[in-house]
Structure formats: C-alpha cells, structure tokens
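Here's the structure, in structure tokens; my notes come after.
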Amino acid sequence: MTANERTALALHGGSPVRDTPFPPRAHIGAEEKAAVNAYFEQVIASGTLNAYQGAEETAYCAQFADYLGGGYADAVSSGSAAIYVALKALQLEAFSEVIIGPFTDPGGIMPIPLQNMIPMIADSTPGSYNTGPEQIAELISPRTSAIIVPHIAGEPADIEGIMAVARQHDIPVIEDCAQAHGAKYKGQILGTFGDISAFSTMTGKHHSSGAQGGMVYTQDEALYQTARRMADRGKPHFLAEDATNAQASLNFNQTDLAAVIGQVQLRKLPDMLERRRAIVGQLIEGTADLEMSALRQTAPEIESSYWFLPVAFYPQRATCDKETFCESLRAEGLSLSLDYRTGMPHRQEWFIERRVFGNSGYPWASPEYKGDPDRDFPCPNAQAMLDSHFNVPFHESWGMREVDDIIAIFHKVATAYARS
Ligand SMILES: Cc1ncc(COP(=O)(O)O)c(C=O)c1O
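Each residue of the sequence shown is one higher than the one before, starting from 201 at the first, in the working numbering.
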C-alpha cells in the first residue's frame, strides 16, 4: 500500500465514501396502516379482537398456501414456534435424533431438545452456509427421526439431493424457510419440497406479519390437521365432536391483527424479491473485477431471495487479513458483520452446557438416549465459511445511490490492499 492510498482510507483518517447512514427499510407503510385502521373499525364495531382462526388469519393462511402453489398453512406466533409445531406435527419419538444444518437461528434448533430429542449437526457443503445430502447422510442412524434443512441467507440448499437421501431412509424433512421466502430451486418454490415447512415472519424477514410471526406449511392434509392441534394446546381440531385436547402442546396462535399486516406484506413480496434480486445483480456486476473479495454468486438452478449478502474474502490476494479488510469497509460507511458466528447455535453456551431442563443435562444425559451424548460436531466446512466470509445486511429499499456507494467502497478498499 502506498502512503497516499493508506491516508486516503477512512480507517487511516481519509474521508469515508459514505458518511450518511443507509436508509431504513421502508417495507411497512401506508397500505399496512390503512389495512390495520380498517380492521380496527371492525374491531370497535364488533367489540372483538379475534384471536382464534378469525377471518383475517384464515384469509392470510389461504393466501400464503396459494403463494406456495396450494396446500395448507397455519399462521403461528414466530418462526421458532413454526419449527416447534412442525416437529410436534410429525409425532416424533423422544430421544430420537434430528439432523439439522450448522447455521440457523437458536429458535430453529432449540425446539429439538425442548421436545426431548437430540440435535445432530450436519456440516455445510463446501463454500456454503447450507447443509447438503452428503453431510446429512453421514449422520443418519436408526435413531434418526427427522431432518431440518435451514435455507440460509435466502439461498436454497440442495433440497432435491437432500430429499432423495431422506426418501431413501424414509425420514421426514422440515424445510426451514425463515430466511428464504419465495426462493426457488429449479423453478420450484422452497417450502414445497419437504414434508412440512416453517417460516418466520418477524419484522426483519422478507415479508412480515407485524413484529413477530411465523407460518407452518404442508401439502399433506392430515399433517396440517395435526399441526393445527399442536399450535393450539392439542385442541381437538378436526377430531370427533366429543373429543378432548389430544396432546400436550402450547398456544402458538397468531392473531387477526398480525394476519392483517401479513396479507398486505404477502402481496408486496414479489416486488420486494424482484428489487432485492435487481440490487444484488447490480452489486455483483459492479464488483466483478475485484479479486480479493466477491459477492456470492449462486448456481443457475437457484433463485435466491437474498436475505443478507455473504461476501468471500481471499487473503492470498490481499496485503491484509479479513478483519482489517472489514474494518476498512466499515470505516468507509458499510455496515457488515465479520462472520456468521451467531448463526451457529451448537457453539453457544446453552448447547455446550446442555442447558435445556435445569441441570439434568437432558435430553442428552438420559439413559433413554442410546447414541453418544458427548459427540462433537466440528463442521470444518462451516468453520471455513466463518473464516472466509463476512455478511452485508441489505434490503429492498436501497436505491441507486446505495448500490453505487457500496461498489465505490469495495473498489476503494480493494485497491488500497491489492498485492502489487
Ligand atoms: C433459519 C431460522 N430459523 C428460525 C428462526 C426463528 O424465527 P423467529 O425469530 O421468528 O422465532 C430464524 C430467525 O431469524 C431463522 O433465521
């Protein structure tokens, strides 16, 4: 790096490319406000805030199922609840094993031990946050009862390959589409490959049912009916009239108020996705000449919905390490996270210390569990992703100026740290 280049960097006292904050996401607006106001007029007139399968929730579920090409959907209170309910709906045995990819939200994995089952962490495929068929196959045992496939960052996992392995062993699959609304694999929308799928619709997701929410989706009517019971304390929905609550669960119902917002958001989703894809296309094009870092390009069979942007850093092509490169990007005005460490819940304290049921160490410590309770999951491919990638949050409200600024920031920093 020359003296001029060093001082030009904002990290060394130069002027940043961008000194104003990036715009806030503008996905909630006048349409949601009008819909909520109209709903409240009805609430005031009727004196009822509907909490159980009201007209709005029923409509939202039907529209969501339509968006996925038919089938059945049940709106729940969060993405974590959706995973919990999907697992419960499959009626799995306690102390069985559930295989799951290495990157997910804690809420995407905690429902496994909370239901007395053992999470088995499959590595990601090389160069990806997502797990794949080979990595899953390595963990399959007679104890395996289900597989959860998180599609991370909006990018579809090799769900076709995973389904083939799962079908071979007759193991049900839950797709976790919390980060991948509307993403497609070979033209087919995610959520429709597995036996059942779970979505988070909290406010940061592509489309949102207000501040929190989730959706459980399946094409199997019987599974849907069980899911409805599991989302509502085992109430005897779809059972004989004199039946009583059929199984223990919790109340994960979504409200009509949330569903009002969800419906408007769902209508906006195709445009949001189109805008995200356009922005990423421009960013990839604008940074294609950079050698030391690259925005992730997906395979042709994949249509990502881009929840955040994974960026690779190649240390052998730079005069600095990833930390310095990222610090420098930040100093130029780019918001980023250094790695996706927070997305590996099996390295968090609760998992390491087996903190699920007091100090018992259950479900791992139970004599009922016949596998190795101390099994380690090193996940070398996932570790390599942490070491080699950083993540840039973004959203569909970015305009041309934001795109141009990002491209300028990457060029400025990459030029300063280029090997001569
Ligand atoms: C992959 C994944 N699964 C599950 C969840 C949990 O969703 P929620 O935060 O709505 O409970 C999230 C949330 O970010 C997620 O990213």
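All residues carry an ideal CB built from backbone N, CA and C; glycine is no exception.
Values in this document were obtained by computation on a predicted structure and should not be read as measured data.
The segment 313–356 is shown to contain whole alpha helix (DSSP H) runs of 4 or more residues at 333–337, in chain order.
Setting aside the 5 residues that flank it on each side, residue 447 is surrounded in the same chain by 288, 429, 430, 434, each with a C-beta closer than 8 Å to its C-beta; the list follows chain order.
The Cβ atoms of residue 510 and residue 589 lie closer than 7 Å to each other.
Per DSSP, residue 494 is not a residue of any alpha helix (DSSP H); the beta strand (DSSP E) it occupies stretches across 493–495. In the DSSP secondary-structure assignment, residue 384 is bridged to 389, 503. Contact between residue 531 and residue 211 is confirmed by a C-beta separation of about 4 Å, below the 8 Å threshold. According to DSSP, residue pairing for residue 593 in a beta bridge involves 508. Going by DSSP, residue 255 is part of the alpha helix (DSSP H) stretching over 255–267.
Here DSSP, grouped into helix, strand and coil, assigns residue 424 to helix.
Exclusion of the five residues before and after residue 591 leaves 353, 508, 509, 510, 511, 536, 537, 539, 540 as the residues of its chain whose Cβ lies within less than 8 Å of its Cβ. Taking a C-beta distance under 7 Å as the contact criterion, residue 398 and residue 416 qualify as a contact pair. At a threshold of 6 Å, residue 315 does not count as near ligand 1, since its beta carbon sits no closer than that to any of the ligand's heavy atoms.
For the segment 508–577, the continuous beta strand (DSSP E) assignments of 3+ residues that do not extend past its boundaries occur at 508–513, in sequence order. Leaving aside the five residues that flank residue 480 on each side, the residues in its chain whose CB is nearer than 6 Å to its CB run, in chain order, 506.
Less than 7 Å divides the Cβ of residue 418 from the Cβ of residue 272. Going by C-alpha positions, residue 484 is about 20 Å away from residue 617. The segment 375–390 and the segment 339–352 touch, with no fewer than 3 CB-CB distances between them shorter than 8 Å. Note that the segment 385–396 touches the segment 353–372; at least 3 beta-carbon pairs, one per stretch, sit closer than 8 Å.
In the DSSP annotation of this structure, the continuous segment of the alpha helix (DSSP H) that includes residue 284 starts and ends at 279–289. When the beta-carbon positions are compared, residue 313 and residue 567 stay at least 7 Å from each other. At a threshold of 6 Å, residue 379 counts as near ligand 1, since its beta carbon sits closer than that to one of the ligand's heavy atoms. A residue is called buried when at least 16 other Cβ atoms come within 10 angstroms of its Cβ; residue 291 does not meet this threshold and is exposed. Residues of the same chain with a CB within less than 7 Å of the CB of residue 502, apart from the 5 flanking positions on each side, are 355, 356, 385 in chain order.
Across the structure, residue 474 and residue 228 are spaced so that their CA atoms are roughly 17 Å apart. Distances from the CA of residue 585 to each of 340, 409, 459, 323 were compared; the closest alpha carbon is that of 323. Looking at the backbone, the Cα of residue 607 and that of residue 476 are separated by about 16 Å.
The beta carbon of residue 223 lies closer than 8 Å to those of 597, 598, 599, 602 in the same chain, with the five residues before and after it left out. Taking C-beta separations shorter than 8 Å and ignoring five residues to either side along the sequence, the partners of residue 340 in its chain run 299, 365, 369, 371, following chain order.
In the three-state reduction of the DSSP assignment, residue 400 falls in the strand class. If you look at residue 365, you'll find it in the alpha helix (DSSP H) that goes 359–369. Taken through DSSP and simplified to helix, strand or coil, residue 615 comes out as helix. At the C-beta level, residue 320 and residue 297 come within 7 Å of one another. In this structure residue 516 is exposed. Its beta-carbon is surrounded by fewer than 16 other beta-carbon atoms within 10 angstroms.
Your pair residue 545 and residue 304 checks out as a contact, with CB atoms roughly 6 Å apart and the cut at 8 Å. Taken atom to atom, the span from the alpha-carbon of residue 523 to that of residue 613 is near 13 Å.
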